[in-house]
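Residue numbers (numbering that gives the first Met the number 0), protein chains in the order written: chain A, 0 to 206; chain B, 0 to 206; chain C, 0 to 206; chain D, 0 to 206.
Every residue gets a Cβ at the ideal spot worked out from N, C-alpha and C, and that includes glycine.
Protein chains: 4
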Amino acid sequence: MSGRVGRPRDGDSAETRRRILDAARASFAKDGYRATTNRKIADEAGITSGAIYHYVESKAELYAAVYCDTIDALYTEFERIAAAESTLLRQYSAVLQRACELQMHDPSITGFIVAVAQETQRHPDLLERLAPQRGRHARFFSGLVADAADRGELAPDIDRRALADLLGAVLTGLARMAAAAGDPQRYTAAVEVLERFLDGSLLTPSA
Amino acid sequence: MSGRVGRPRDGDSAETRRRILDAARASFAKDGYRATTNRKIADEAGITSGAIYHYVESKAELYAAVYCDTIDALYTEFERIAAAESTLLRQYSAVLQRACELQMHDPSITGFIVAVAQETQRHPDLLERLAPQRGRHARFFSGLVADAADRGELAPDIDRRALADLLGAVLTGLARMAAAAGDPQRYTAAVEVLERFLDGSLLTPSA
Amino acid sequence: MSGRVGRPRDGDSAETRRRILDAARASFAKDGYRATTNRKIADEAGITSGAIYHYVESKAELYAAVYCDTIDALYTEFERIAAAESTLLRQYSAVLQRACELQMHDPSITGFIVAVAQETQRHPDLLERLAPQRGRHARFFSGLVADAADRGELAPDIDRRALADLLGAVLTGLARMAAAAGDPQRYTAAVEVLERFLDGSLLTPSA
Amino acid sequence: MSGRVGRPRDGDSAETRRRILDAARASFAKDGYRATTNRKIADEAGITSGAIYHYVESKAELYAAVYCDTIDALYTEFERIAAAESTLLRQYSAVLQRACELQMHDPSITGFIVAVAQETQRHPDLLERLAPQRGRHARFFSGLVADAADRGELAPDIDRRALADLLGAVLTGLARMAAAAGDPQRYTAAVEVLERFLDGSLLTPSA
DNA sequence: CATGAATGAGACTTCATTCAT
DNA sequence: CATGAATGAAGTCTCATTCAT
Numbered sequence: 000m001s002g003r004v005g006r007p008r009d010g011d012s013a014e015t016r017r018r019i020l021d022a023a024r025a026s027f028a029k030d031g032y033r034a035t036t037n038r039k040i041a042d043e044a045g046i047t048s049g050a051i052y053h054y055v056e057s058k059a060e061l062y063a064a065v066y067c068d069t070i071d072a073l074y075t076e077f078e079r080i081a082a083a084e085s086t087l088l089r090q091y092s093a094v095l096q097r098a099c100e101l102q103m104h105d106p107s108i109t110g111f112i113v114a115v116a117q118e119t120q121r122h123p124d125l126l127e128r129l130a131p132q133r134g135r136h137a138r139f140f141s142g143l144v145a146d147a148a149d150r151g152e153l154a155p156d157i158d159r160r161a162l163a164d165l166l167g168a169v170l171t172g173l174a175r176m177a178a179a180a181g182d183p184q185r186y187t188a189a190v191e192v193l194e195r196f197l198d199g200s201l202l203t204p205s206a
Numbered sequence: 000m001s002g003r004v005g006r007p008r009d010g011d012s013a014e015t016r017r018r019i020l021d022a023a024r025a026s027f028a029k030d031g032y033r034a035t036t037n038r039k040i041a042d043e044a045g046i047t048s049g050a051i052y053h054y055v056e057s058k059a060e061l062y063a064a065v066y067c068d069t070i071d072a073l074y075t076e077f078e079r080i081a082a083a084e085s086t087l088l089r090q091y092s093a094v095l096q097r098a099c100e101l102q103m104h105d106p107s108i109t110g111f112i113v114a115v116a117q118e119t120q121r122h123p124d125l126l127e128r129l130a131p132q133r134g135r136h137a138r139f140f141s142g143l144v145a146d147a148a149d150r151g152e153l154a155p156d157i158d159r160r161a162l163a164d165l166l167g168a169v170l171t172g173l174a175r176m177a178a179a180a181g182d183p184q185r186y187t188a189a190v191e192v193l194e195r196f197l198d199g200s201l202l203t204p205s206a
Numbered sequence: 000m001s002g003r004v005g006r007p008r009d010g011d012s013a014e015t016r017r018r019i020l021d022a023a024r025a026s027f028a029k030d031g032y033r034a035t036t037n038r039k040i041a042d043e044a045g046i047t048s049g050a051i052y053h054y055v056e057s058k059a060e061l062y063a064a065v066y067c068d069t070i071d072a073l074y075t076e077f078e079r080i081a082a083a084e085s086t087l088l089r090q091y092s093a094v095l096q097r098a099c100e101l102q103m104h105d106p107s108i109t110g111f112i113v114a115v116a117q118e119t120q121r122h123p124d125l126l127e128r129l130a131p132q133r134g135r136h137a138r139f140f141s142g143l144v145a146d147a148a149d150r151g152e153l154a155p156d157i158d159r160r161a162l163a164d165l166l167g168a169v170l171t172g173l174a175r176m177a178a179a180a181g182d183p184q185r186y187t188a189a190v191e192v193l194e195r196f197l198d199g200s201l202l203t204p205s206a
Numbered sequence: 000m001s002g003r004v005g006r007p008r009d010g011d012s013a014e015t016r017r018r019i020l021d022a023a024r025a026s027f028a029k030d031g032y033r034a035t036t037n038r039k040i041a042d043e044a045g046i047t048s049g050a051i052y053h054y055v056e057s058k059a060e061l062y063a064a065v066y067c068d069t070i071d072a073l074y075t076e077f078e079r080i081a082a083a084e085s086t087l088l089r090q091y092s093a094v095l096q097r098a099c100e101l102q103m104h105d106p107s108i109t110g111f112i113v114a115v116a117q118e119t120q121r122h123p124d125l126l127e128r129l130a131p132q133r134g135r136h137a138r139f140f141s142g143l144v145a146d147a148a149d150r151g152e153l154a155p156d157i158d159r160r161a162l163a164d165l166l167g168a169v170l171t172g173l174a175r176m177a178a179a180a181g182d183p184q185r186y187t188a189a190v191e192v193l194e195r196f197l198d199g200s201l202l203t204p205s206a
């Protein structure tokens, strides 16, 4: 009865879903959850905004889908990386390095992840949906610390949670700094300085 | 109709402005720029949303006003603190400590500041307005590093901007972590671990 | 910054609220809850659709507001009318008569009321909001029946709830019929026939 | 309807059509035309929403199809029932009784029918489509009344249309009341009281 | 026949902003 | 200075409908 409504030609479902998730991650990372509109995501993915609802039930669910999609890939990779090293410092160093490479390759991955904590705090409805998958981040660093403690690397009176918090916060802080600067090189450079901190070659002996 | 319109009694304009800025900072820090509504700020400040426009021209201008109000106080304080110490490590340590106290006392100050970089990236119209005051943050850490270099504390081939980035990112990362955890104690604990990193008592000698 | 936004001249709050409620009742009665759009109500009331939210929190709340506004006036009137008569039949007759006059004067009142039961069944969120006020309808007819029973007008084995249901259903059925026909005269005519049923002059003696 | 020209549909197709019509009637009766979505109907019928368009051209057409399907069965039955009685009162009584049984057996039949008048008023596009079949309802009661008049049962000055309206409205009002109460028993009980009204055993002699 | 991806219109709702009072 | 009514743009989400497969 009306004019040009309905499905157009073609449509590869799996590929469209991929495009939606990718566009969503990019926008969530860059603009944040609130400022990301369905419209923007849809435009980027080459569909109309209503079509998103064929793949997810709501914007919050979309965020959760991106989260699942991303967190798993990232920490699986980090765990693989860490397993190849034998001391906490070397493991952390390797992780920082890998994060650095990722940031150069696709800033939206780290950009999305480092913002998750804030977004969930600001939008409680996200928290509920992420709950099942939450803790992966904390668990990773807790695991590193626990293993180091088991290997006797740490002073026995160390507050382990605090150490895990520290490691996570430094990684996050650096990633954010680089994102804010809009220049992944800054991350690389800062990590290099951090490495020199750790190996003692940053400060002059007298200091 | 009701005759209940118009300005009510008294009018300590300066005090109202204070309440608006405080309410705004708290909400910007907790909920972010986008999710903060004029209505929420006004409610908190005990006025109506329209009245905000007697003090600022727009929401973006309000953000800028809060920024000026906060950044100056914070970095003036940091500069005072730093001036009392004589090495980069001690200065940074003192700043972390002070930031820690501030976080316990009023989390909205650090919460607001650490989010500025992200907000300005997400809302370009904020960037313009903050531009005049921007750089205070970077300048502070750059200053610390430059002074340390002048004093000969640093290895000569160090990338100074990268070191400043690192110091800023670590502070920011820790503050954010604590904010996300909703527990300022986490910040304190992590700073303590960081201190032990720096003085060498974190890792066991063998490691 | 943008063009023509903001409040225009004038604005008598109480009168606007009245216009909104009246427009809403008319549309709810005519088109039903679902098919009534904020836009239509707003157009009718001479405002924009967003302005409705200064007066009610949601469309459902608006329905509830109309309900309160209407039900009270209607049944208070019915109770007044009924109090002036001394037998159930005369009371019912008077109520039918009054309903008839109302229907001629403003069909939206009865139109709205007779649809309430259906709307609440179809939209459960309305039911919650009406709950406090609900029962006024049933209570009115139950009251008439109980009083008649007390006066000894009814056969003692009568199912009182069923009688109340019957009285309500007949009134409702007639009002609906007239609304569907779009002609209040049909209501009047049918009531007249009903009266003749009751006084025995409808059917010929032999029948 | 049964005398279809041309090639009869194959077995599966006819059964699917049946399921669509049944699901549609149930949902139209329960939720109304607007709130009934193609999706709900399709789910209930065990197909996808697009498939509906193999059987009808639009949602409005589907409503019309359900109408034809239902109205014919109902009034054919009513006419059969009425033919077995010899006075208007007995005929009406029998019809009420039969409607009662139907309501117990499948509330969607009466539920759908009693809502038709309202739905057509609310959605004018339905009216056009139903027009050819409309009038069956009115014709039935008009017929009863005309026959009674011919038999000399009615006072000669009676407004026949008004009497037909009354009979229809009472039946409709009762069915609706029961539907709203969610309890078909209420219909039965109210009909019993109505019967006692008609045979004079409701009110005490003195009244 | 049937699926399911996709559209486009439109619904409810929120919000920064303006302005008469 | 302050209120509160009102706007208009925009956002999330729903749905009848279409069409390639």
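Notebook entry, point to check: Which residues share a DSSP beta bridge with A/Leu-170?
Noted result: BP columns for A/Leu-170 are empty, so no partner.
*asked:* For A/Glu-118, count the other beta carbons within 10 Å of its own beta carbon; 16 or more makes it buried, fewer makes it exposed. Which is it?
replied: buried
key: Nearest-angstrom Cβ-Cβ length linking A/Ala-168 and A/Arg-159, presumed shorter than 8 Å   = Not confirmed; about 15 Å, so no contact.
* Note down, one range per segment and in chain order, each alpha helix (DSSP H) of at least 4 residues found wholly within the stretch 5-43 of chain B. => 12-34
Just reading off the alpha helix (DSSP H) that B/Ile-80 is part of, what are its end residues?
58-82
*Count the other CB atoms within 10 Å of the CB of A/Pro-155; is the residue buried (16 or more) or exposed (fewer)?*
exposed
* If you drop the 5 nearest sequence neighbours on each side, which residues of the same chain put their C-beta closer than 6 Å to that of A/Val-55? -> Leu-61, Ala-64
Check your understanding: Residue range of the alpha helix (DSSP H) that B/Ser-141 falls in?
Key -> 135-149
Classify A/Leu-88 as helix, strand or coil using the three-state DSSP reduction.
-> helix
Next item on the list: Check whether the stretch 186-198 of chain C touches the stretch 163-177 of chain C, taking contact to mean three or more Cβ pairs, one atom from each stretch, closer than 8 Å.
Entry: yes
- Task: Spell out the partners DSSP gives A/Leu-202 in its beta bridges.
- Result: B/Leu-153
For C/Gly-142, would you say it is in contact with chain D, using Cβ-to-Cβ distances shorter than 7 Å as the test? no
D/Ala-130, enclosing alpha helix (DSSP H) - first and last residue: No alpha helix (DSSP H) contains D/Ala-130, which DSSP labels as neither H nor E.
Classify A/Arg-121: buried if its beta carbon has 16 or more other beta carbons within 10 angstroms, exposed otherwise. buried
Which residue marks the beginning of the alpha helix (DSSP H) containing B/Ala-116, and which one marks its end? 106-121
Check for me: the alpha helix (DSSP H) holding C/Ala-50 runs from which residue to which?
Segment: none, C/Ala-50 is in no alpha helix (DSSP H) and carries neither H nor E.
Can you pull the chain B residues whose beta carbon is under 7 Å from the beta carbon of A/Gln-96, in chain order?
Per Cβ cutoff of 7 Å: no residues; A/Gln-96 is ~15 Å from chain B at best.
- Residues of chain A with CB under 8 Å from B/Ser-264, in chain order? Outside the modelled stretch of chain B, which goes from 0 to 206, sits residue 264 of chain B, for which no answer is possible.
Members of the stretch 179-204 of chain C near chain D, C-beta cut-off 7 Å:
Ala-179, Arg-185, Ala-188, Ala-189, Glu-191, Val-192, Leu-193, Ser-200, Leu-201, Leu-202, Thr-203
- Message: Check whether the stretch 65-77 of chain A and the stretch 123-139 of chain A are in contact - that is, three or more C-beta pairs closer than 8 Å.
- Response: yes
Check your understanding: Whose C-alpha, out of C/Gln-90, C/Gln-96, C/Ile-46, is nearest the C-alpha of C/Arg-16?
Key -> C/Ile-46
Apart from the five residues just before and just after C/Leu-162, which ones in its own chain have a Cβ nearer than 7 Å to its Cβ? Val-144
_Run through chain A and tell me which residues come within less than 8 Å of B/Arg-33, C-beta to C-beta._
Gly-31, Arg-33, Ala-34
Examine chain C for any beta-carbon lying closer than 7 Å to the beta-carbon of D/Glu-43, and answer yes or no.
-> no
> What does a CB cutoff of less than 6 Å around A/Glu-84 pick up in its chain, not counting 5 residues either side in sequence?
Replying inline: Gln-90, Ala-93
Residue-level contact to chain C via CB, D/Gly-172, 7 Å cutoff: yes
Check: Going by beta carbon distance, what residues of the same chain come within less than 7 Å of C/Glu-194, once the five residues before and after it are set aside?
Finding: Ser-92
Roughly how many whole angstroms lie between the Cα atoms of B/Tyr-66 and B/Asp-21? 11 Å
Check: Applying a beta-carbon distance threshold of less than 7 Å, which residues of chain C neighbour D/Leu-162?
Finding: Val-192
> Just checking my contact of B/Arg-97 with B/Ile-70 at CB under 8 Å: how many whole Å lie between their CB atoms?
Replying inline: With 8 Å as the limit, B/Arg-97 and B/Ile-70 do not qualify as a contact, their Cβ atoms being about 15 Å apart.
key: Alpha-carbon to alpha-carbon, A/Glu-78 and A/Gly-2   = Bear in mind that the predicted position of A/Gly-2 carries a pLDDT of just 49, short of 50, making it unreliable; the figure below should be weighed with that in mind. Roughly 54 Å between the two C-alpha positions.
Listing by chain order, which chain A residues have their CB less than 8 Å from the CB of B/Arg-121?
Lys-29, Asp-30, Gly-31, Ala-34
Legend entry - Minimum Cβ-Cβ distance from D/Glu-127 to chain C less than 7 Å: no
| message | For B/Gly-172 and A/Thr-171, which I take to be in contact (beta-carbon distance under 8 Å), what is that distance rounded to the nearest angstrom? | response | 5 Å
| message | Under 8 Å, with one C-beta from each stretch per pair, do the stretch 32-48 of chain A and the stretch 97-108 of chain A reach the 3-pair mark? | response | no
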